[in-house]
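Engineer: Please find one structure pasted underneath; my questions will follow.
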Amino acid sequence: MSDDTFGFSAPRKSTSDKLKSIVPDERPSHVADLAKVDAVGDSLGFRSREDARGRAVRRRKREIGPTVAINTRAPERVAEPFIRFCEDNRFSYWEGIEELMKRANLKGYD
Amino acid sequence: MPVIVVANPKGGAGKSTSTLVLAQTLAQLGASVTIIDADPNRPIVEWRSGPSKLEIDVIGDATESSVIRLIRDQRSRRQFVFVDLEGTASRLVSRAITQADLVLIPLQASGVDARQASRAVALIHEEEEALDGRAIPFRVLLTRTSPIISTRIEREIVGALTDANLPLMKTRLNERQAYKAVFVRRLALHELDPLKVNGLPEALANAQQLADELVDILSPAAADMEAD
């Protein structure tokens, strides 16, 4: 009787061997109803970011005048919602601060 | 055959690094590989313009209207087609995912990355319904992890993924200087000089382990089981 009755010691296929079983795919590709897919994407915030010529839409840079750098170390409970707010609204961080100041009707800021 | 779409709407999650490291490792093993660089910053197009002799085709300039056609064209010619997507929630991302045999969702162990990754997972689930139930397999890949210790937030994220029954790559892409060096030098990992790049053997081993796991997932027998 063999020492390996159940064949557990058979050599494991190497990655190079497995690669041979992966070949270019001639089968028809996955068909997608784009209208449905786009509707799903839109509902989750995955919207078109291109203009009619297929170029990425870039926000026009505003003339912002002189700037100063503010470096701050914030607690996670403050930083994470703030970063999320900026990402959800496509604000840079200074634009996010400006928006919050506007919403707070901060005195001295208009 | 396999189309691997690398997506996370959060920028800086490690999409381009994961894509390039995996593509290089598979190409070095002799596989034919195309990368469609759909990131507007074009990091992989930039890499291809360097001196690396590794045979990887890179296609830039994918748009919402061309990305599906580009993927379909490449999948019939190459063993692996990677699509490196932009770090934005966009229609380009949602359309590319429809063609995926596997979506890889890289994320750094941070709350912000994880929340954005969850948007990609939600999109995949919704698209599966829109595609009449076709399963879109996916894996979450932790990136820029320490090879030595696991941070508390990392353990929490892994716990949350496990609790939600979300599939996680066992291998993590560790933080390694070599992964940055491939972009700076525009070379393949194996073309870097081990005297100039710290931890290169460890990076090569990590990349190989990740590629092994990917091939295990994508080999026809495993892929059929996943589809069932």
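Protein chains in written order, with my numbering: chain A, 1 to 110; chain B, 1001 to 1228. The beta-carbon is built from N, C-alpha and C at its ideal position, and this holds for glycine as well.
Just verifying my parser: in three-state terms, what is the DSSP assignment at Gln-1177/B?
Structural biologist: In the displayed model, Gln-1177/B falls within a helix according to three-state DSSP.
Engineer: To test your reading of the DSSP string, which unbroken beta strand (DSSP E) runs of 3 or more residues are found completely within the segment 1029 to 1068 of chain B?
Structural biologist: 1033 to 1038 and 1057 to 1059
Engineer: With a threshold of 9 Å between beta-carbons, can Met-24/A be considered close to chain B, or not?
Structural biologist: Looking at the sequence provided, one finds Pro at residue 24/A rather than Met. Interface residue, yes.
Engineer: Are three or more beta carbon pairs between the segment 1090 to 1099 of chain B and the segment 1010 to 1021 of chain B nearer than 8 Å?
Structural biologist: no
Engineer: Is it buried or exposed for Thr-1143/B, if we count other Cβ within 10 angstroms and need 16 for buried?
Structural biologist: The residue is buried, with at least 16 neighbouring Cβ atoms inside 10 Å.
Engineer: Mapping DSSP to helix, strand and coil, what is Arg-1139/B?
Structural biologist: strand
Engineer: Can you tell me which of the three DSSP states Pro-1220/B falls into?
Structural biologist: helix
Engineer: Could you check whether the Cβ of Thr-5/A sits closer than 9 Å to any Cβ belonging to chain B?
Structural biologist: no
Engineer: For Pro-1220/B, count the other beta carbons within 10 Å of its own beta carbon; 16 or more makes it buried, fewer makes it exposed. Which is it?
Structural biologist: Looking at its Cβ environment, which holds fewer than 16 other Cβ atoms inside 10 Å, Pro-1220/B is exposed.
Engineer: Is the separation between the beta-carbon of Gln-1079/B and that of His-1190/B shorter than 9 Å?
Structural biologist: Contact flag unset, no.
Engineer: Have a look at Phe-1138/B and Ile-1044/B and give me their C-alpha separation to the nearest angstrom.
Structural biologist: 22 Å
Engineer: Can you find a C-beta in chain B that's less than 9 Å from the C-beta of Thr-72/A?
Structural biologist: Not one chain B Cβ lies under 9 Å of Thr-72/A.
Engineer: Quick one: grab the DSSP three-state call for Phe-1082/B.
Structural biologist: strand
Engineer: Are Gln-1099/B and Thr-1034/B close, meaning C-beta to C-beta below 9 Å?
Structural biologist: no
Engineer: Please confirm if Ser-16/A has its CB atom under 9 Å from at least one CB of chain B.
Structural biologist: Interface residue (Cβ-Cβ distance to chain B less than 9 Å): Ser-16/A is classified as such.
Engineer: Could you list which residues in chain B have their beta carbon closer than 7 Å to that of Glu-50/A, in chain order?
Structural biologist: Thr-1063 and Glu-1064
Engineer: Under 8 Å, with one C-beta from each stretch per pair, do the segment 1115 to 1132 of chain B and the segment 30 to 48 of chain A reach the 3-pair mark?
Structural biologist: Taking a cut-off of 8 Å on C-beta distances, the segment 1115 to 1132 of chain B touches the segment 30 to 48 of chain A, as three or more cross pairs fall below it.
Engineer: Which partner residues of Pro-1106/B appear in the DSSP bridge assignment?
Structural biologist: Leu-1141/B
Engineer: In the structure shown, what three-state DSSP assignment does Ser-1016/B receive?
Structural biologist: Reduced to three states, the DSSP call for Ser-1016/B is helix.
Engineer: Is it true that the CB of Leu-1166/B sits closer than 9 Å to the CB of Lys-1010/B?
Structural biologist: no
Engineer: Check whether the segment 87 to 99 of chain A touches the segment 1047 to 1063 of chain B, taking contact to mean three or more Cβ pairs, one atom from each stretch, closer than 8 Å.
Structural biologist: no
Engineer: Return no unless some Cβ of chain A is closer than 9 Å to the Cβ of Leu-1129/B.
Structural biologist: The identity of residue 1129/B in the sequence shown is Glu, whereas the question assumes Leu. With 9 Å as the cut-off, Glu-1129/B counts as an interface residue toward chain A.
Engineer: Note down, in chain order, every chain C residue with its Cβ under 8 Å from the Cβ of Pro-1220/B.
Structural biologist: No chain C is part of this structure, whose protein chains are labelled A and B.
Engineer: Would you identify the three-state DSSP class for Arg-27/A, choosing helix, strand or coil?
Structural biologist: coil
Engineer: Which same chain residues end up closer than 6 Å to Phe-1082/B when comparing Cβ atoms and leaving out the 5 residues on each side of it in sequence?
Structural biologist: Ile-1004, Thr-1019, Ala-1023 and Ile-1035
Engineer: If the cut-off is 8 Å on Cβ atoms, which residues from the segment 1019 to 1038 of chain B count as contacting chain A, listed in chain order?
Structural biologist: Leu-1026, Leu-1029, Gly-1030, Ala-1031 and Ser-1032
Engineer: Spell out the partners DSSP gives Ile-1004/B in its beta bridges.
Structural biologist: Phe-1082/B and Leu-1102/B
Engineer: At the level of alpha carbons, what is the spacing between Ala-1135/B and Lys-20/A?
Structural biologist: 25 Å
Engineer: For Glu-1126/B, go through chain A and note every residue whose CB falls closer than 7 Å to its CB, in chain order.
Structural biologist: Val-40 and Leu-44
Engineer: Excluding five sequence neighbours on each side, which residues of the same chain lie with their C-beta closer than 6 Å to the C-beta of Gly-1060/B?
Structural biologist: Asp-1037, Arg-1042 and Val-1045
Engineer: Would you mind working out which of Ser-29/A, Pro-75/A, Ser-14/A and Asp-17/A sits nearest Ser-1076/B, comparing C-alpha positions?
Structural biologist: The residue from Ser-29/A, Pro-75/A, Ser-14/A and Asp-17/A with its alpha-carbon nearest to that of Ser-1076/B is Ser-29/A.
Engineer: So for Glu-1156/B, helix, strand or coil by DSSP?
Structural biologist: helix
Engineer: Provide the residue span of the alpha helix (DSSP H) that contains Phe-82/A, from first to last.
Structural biologist: 76 to 89
Engineer: Would Ala-104/A count as contacting chain B if we go by Cβ distances under 9 Å?
Structural biologist: no
Engineer: When the Cα of Ala-1188/B is compared with those of Val-1006/B, Pro-1051/B, Pro-1040/B and Glu-1154/B, which residue comes out closest?
Structural biologist: Among Val-1006/B, Pro-1051/B, Pro-1040/B and Glu-1154/B, the Cα nearest to that of Ala-1188/B belongs to Pro-1051/B.
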